[in-house]
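*Asks:* Quick one: structure below, then a few questions.
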Amino acid sequence: MIYTEMTVRAARIAEQAHHGQFDKGGMPYILHPLTVAAEMQDEITTAAALLHDVAEDTAVTIEMLEAEFPPEVTETLRLLTHDPAEDYFDYVRRIRSDPRARAVKLADLRHNMDIRRLPPEAAASERTAARLEKYRRAVRLLTEDSC
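Using the numbering used here, you'd call the opening residue of the sequence shown number 75 and step up by one each time.
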């Protein structure tokens, strides 16, 4: 992971925002954005990766983050924040034209597709199989040549 003043600030905000949250496997949720951020190659994308679920899953808004981060970070976060009213695959298509958002989303999907993070009974469920197929389709949309 890239360590700068900005990325450390993003990590602290993400840790505070996700405090008390756990993933489907029972692990502290903050481990997910940290794993996603570890794949990033620059400061802006790393900060966005650390914060990618904050606006969607916590009380922190993108407007609040605008006071702390440059527009490159917050605009990437806007792209990455899925409005439940928007079709999921329309959301994915919207992301694919932005290199930063695309990099974060691909790393997010890779980590979300790792069934080792789930208890065995959840990993073998039909619900998980459907979610994995949805994620595989999203990866295909993000990596196809028509980007």
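Glycine residues also receive a C-beta, built at the ideal position from the N, C-alpha and C atoms.
Roughly how many angstroms lie between the CA atoms of L124 and Y77, to the nearest whole one?
*Replies:* Each residue's Cα considered, the two are about 12 Å apart.
*Asks:* By the three-class DSSP mapping on this structure, what secondary structure does P102 have?
*Replies:* Here P102 sits in strand by DSSP.
*Asks:* Straight-line CA distance for M75 to H106?
*Replies:* 13 Å
*Asks:* Please list the terminal residues of the continuous alpha helix (DSSP H) segment that includes M138.
*Replies:* 136-140
*Asks:* What residue range does the alpha helix (DSSP H) around P194 cover?
*Replies:* Looking at the DSSP string, the run of the alpha helix (DSSP H) that includes P194 is 194-197.
*Asks:* Per DSSP, which residues does F143 bridge with? Please list them.
*Replies:* None, per the DSSP bridge assignment.
*Asks:* For A177, which residues from the same chain have a beta carbon less than 6 Å from its beta carbon, with the 5 sequence-adjacent residues on both sides left out?
*Replies:* T119
*Asks:* Looking at the secondary structure, which residues open and close the alpha helix (DSSP H) in which E200 lies?
*Replies:* 200-217 is the extent of the alpha helix (DSSP H) around E200.
*Asks:* Have a look at D97, A91, P102, L108 and flag the residue whose alpha-carbon is nearest the alpha-carbon of A181.
*Replies:* L108
*Asks:* Among G99, D97, Y103, which has the Cα closest to the Cα of A85?
*Replies:* Y103
*Asks:* Nearest to R191 by alpha carbon, out of M80, V82, A88, F96?
*Replies:* F96
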